[in-house]
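Participant: Once you know that position 117 of the sequence shown is 373 in full-length UniProt numbering, the rest is easy, because the numbers rise by one and skip nothing. Here you go, one structure.
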Amino acid sequence: QREALKRKRPFLIFSAELDVPNKVIEILTKVKDDLNEGRIEVIFQPKVELQTFKIVGAEALMRCSVPPADAIPVIVEYSLMYDVGRKILEKSFYYTKLLEEKGFGVPISVNISYVQLADRQFVRFVKKLLKKFSLEGNRFIFEITESEASLDDECIVETISQLRKMGIGISIDDFGMGYSSLSRLKLLKACELKIDRAFIKDVDKDPEILGIVKFAVDVASLLSMRTVAEGIERKDQVPILRRVGCSEGQGFLFSPPVEFREFVELLKKGYLRPKGVK
Ligand code: C2E
Ligand code: MG
Ligand code: MG
Ligand code: MG
């Protein structure tokens with residue numbers, strides 16, 4: 257794991273050992289305490305079908321005692337994602353089992369970071385969890401950011417292909433922000449492309465941005481992938497995303513990430529139609 261990180265970010269490992277800013281140490285200490293004292297949690301942001309606003313899944317997002325914008329980059333950079341990632345997976349599987357017991361079969365998306373994919377025990381760990389909760393792989397989608405999915409590492413391609421064989425869906429997260437080649441996208445055989453919020457933000461205002469989004473949707477459709485628009489905040493974004501063929505959406509317009517119990521309530525209603533949208 258350390259070797260893998262070194263290959264990816266040689267300078268950060270260097271600074272990690274010699275010169276860690278106080279703020280980072282403070283965050284690391286808090287997250288380690290959270291881990292030891294059971295304060296790592298996941299909350300759920302619903303994903304909706306854009307034509308009908310039906311809830312078709314949710315993304316599990318990690319929460320701890322440090323705000324996510326501060327915590328997550330530090331967890332990833334300083335090798336804590338190995339342990340934290342296992343905890344997140346365990347929680348996500350646990351809640352997915354609860355959902356199943358309540359009769360809800362929507363797939364749950366879990367963010368997986370590079371250190372996890374590079375871990376040779378990762379596939380075995382996931383298999384063990386599926387068995388422990390007696391769940392099928394197709395209950396899950398693993399989201400891998402585009403920049404990490406494009407890393408030229410045979411081990412990652414192999415891990416992803418094994419996950420796929422277990423029925424787990426693969427989603428390319430934050431698409432448009434990395435630099436993956438189209439051949440790479442084809443190779444990974446993902447089922448879903450999540451277009452980054454940076455593009456969705458102005459999709460109804462900037463024709464060039466709209467062109468890029470349409471291009472992404474077309475590429476996805478050529479490769480038989482669904483598209484999810486991330487971070488939809490305004491209702492004006494909806495008709496334009498529908499028009500270019502984007503199948504699903506996620507964002508504050510529909511729902512912020514919510515605690516498990518609230519997510520269950522939303523699932524009971526089944527739909528998240530924003531006011532004033534047909
Ligand atoms: P992401 O995977 O792209 O997740 C989407 C982020 O956008 C989430 O932030 C979510 O709360 C936020 N978001 C959703 N809708 C809107 C919206 O309409 N407007 C705005 N402004 N934001 C919206 P969060 O939870 O802070 O997570 C940030 C990033 O941290 C995630 O980006 C993901 O890369 C990473 N992350 C979060 N949870 C986990 C985790 O459990 N494991 C791993 N490896 N990474 C995680
Ligand atoms: Mg994600
Ligand atoms: Mg994303
Ligand atoms: Mg994003």
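A virtual CB, placed ideally from N, CA and C, is assigned to each residue, including glycine. These numbers were taken from a predicted model, which means no experiment stands behind them.
To which residues does DSSP link Ser365 through a beta bridge?
Facilitator: The residue you call residue 365 lines up with position 109 of the sequence shown. In DSSP, Ser365 forms a bridge with Glu315 and Ile397.
Participant: I need the straight-line Cα distance from Arg490 to Arg517, nearest angstrom please.
Facilitator: Position 234 of the sequence shown, counting from 1, holds the residue named residue 490. Position 261 of the sequence shown, counting from 1, holds the residue named residue 517. Going by the C-alpha atoms only, they are around 26 Å apart.
Participant: Please determine, among Ser348, Lys310, Glu282 and Ile328, the residue with the shortest C-alpha to C-alpha distance to Glu515.
Facilitator: Here residue 515 corresponds to residue number 259 of the sequence shown, with the count starting at 1. Per the Cα distances, Ser348.
Participant: Just to confirm the assignment, what range does the beta strand (DSSP E) spanning Thr483 have?
Facilitator: Translated into the one-based positions of the sequence shown, residue 483 becomes position 227. Taken as a continuous stretch (DSSP letters only), the beta strand (DSSP E) holding Thr483 covers Arg482 to Ala485.
Participant: Since Asp429 sits in a beta bridge, which residues does DSSP pair it with?
Facilitator: Here residue 429 refers to the residue found at position 173 when the sequence shown is read from its first residue. Its beta-bridge partners are Thr401.
Participant: If we call anything under 8 Å between Cβ atoms a contact, is Ser369 one with Phe398?
Facilitator: By one-based count along the sequence shown, residue 369 stands at place 113. By one-based count along the sequence shown, residue 398 stands at place 142. Cβ distance not < 8 Å, so Ser369 and Phe398 don't count as in contact.
Participant: Count the other C-beta atoms from every protein chain shown that fall within 10 angstroms of the C-beta of Thr483, then say buried if there are 16 or more, exposed otherwise.
Facilitator: As a position in the sequence shown, residue 483 is number 227, starting the count at 1. Buried: at least 16 other Cβ atoms inside 10 Å.
Participant: Classify Lys383 as helix, strand or coil using the three-state DSSP reduction.
Facilitator: In the sequence shown, residue 383 corresponds to position 127, counting from 1. In the structure shown, Lys383 sits in a helix (DSSP, three-state: H, G or I).
Participant: Which class does Phe300 belong to by DSSP, given the choice of helix, strand or coil?
Facilitator: If you number the sequence shown from 1, residue 300 lands on position 44. DSSP places Phe300 in strand when its eight states are reduced to three.
Participant: Taking all protein chains shown into account, decide if Asp290 is buried (16 or more other Cβ within 10 angstroms of its Cβ) or exposed.
Facilitator: Locating residue 290 in the sequence shown gives position 34, where the first residue counts as 1. Classification for Asp290: buried.
Participant: What does the alpha-carbon distance come out to for the pair Gly526 and Gln301?
Facilitator: Residue mapping note: residue 526 aligns to position 270 of the sequence shown, counting from 1. Residue mapping note: residue 301 aligns to position 45 of the sequence shown, counting from 1. Gly526 and Gln301: Cα-Cα distance of roughly 14 Å.
Participant: With respect to the alpha helix (DSSP H) encompassing Leu449, which residues constitute its N-terminal and C-terminal limits?
Facilitator: The sequence position of residue 449 within the sequence shown is 193, counting from 1. Premise fails: Leu449 lies in the beta strand (DSSP E), Glu448 to Ile451, not in any alpha helix (DSSP H).
Participant: May I ask you to check if the CB of Glu402 is nearer than 7 Å to at least one heavy atom of ligand 3?
Facilitator: One-based indexing of the sequence shown puts residue 402 at position 146. Result no, Cβ not under 7 Å from ligand 3.
Participant: Sort Arg395, Glu282, Lys288 and Ile283 by Cα distance to Gly425 and report the nearest one.
Facilitator: The sequence position of residue 425 within the sequence shown is 169, counting from 1. For Gly425, the nearest C-alpha among the options comes from Arg395.
Participant: Output needed for Ser406: all residues of its chain with C-beta closer than 8 Å, excluding positions within five of it in sequence on either side, in chain order.
Facilitator: As a first step, residue 406 is located in the sequence shown; it is residue number 150 there, counting from the start. Gly434, Tyr435, Ser436, Ser437 and Arg440, listed in sequence order.
Participant: At a cut-off of 7 Å, is Asp474 close to ligand 3 when judged by its beta-carbon and the heavy atoms of the ligand?
Facilitator: The residue you call residue 474 lines up with position 218 of the sequence shown. Checking every heavy atom of ligand 3 against the Cβ of Asp474, none is found closer than 7 Å.
Participant: Can we say the segment 496 to 504 touches the segment 459 to 476, given the rule of at least three CB pairs closer than 8 Å?
Facilitator: The segment 496 to 504, when compared against the segment 459 to 476, does touch it at the 8 Å Cβ threshold.
Participant: Could you tell me the alpha carbon to alpha carbon distance between Ile281 and Val287, rounded to whole angstroms?
Facilitator: Taking the first residue of the sequence shown as position 1, residue 281 is located at position 25. Taking the first residue of the sequence shown as position 1, residue 287 is located at position 31. Whole-angstrom Cα-Cα distance: 10 Å.
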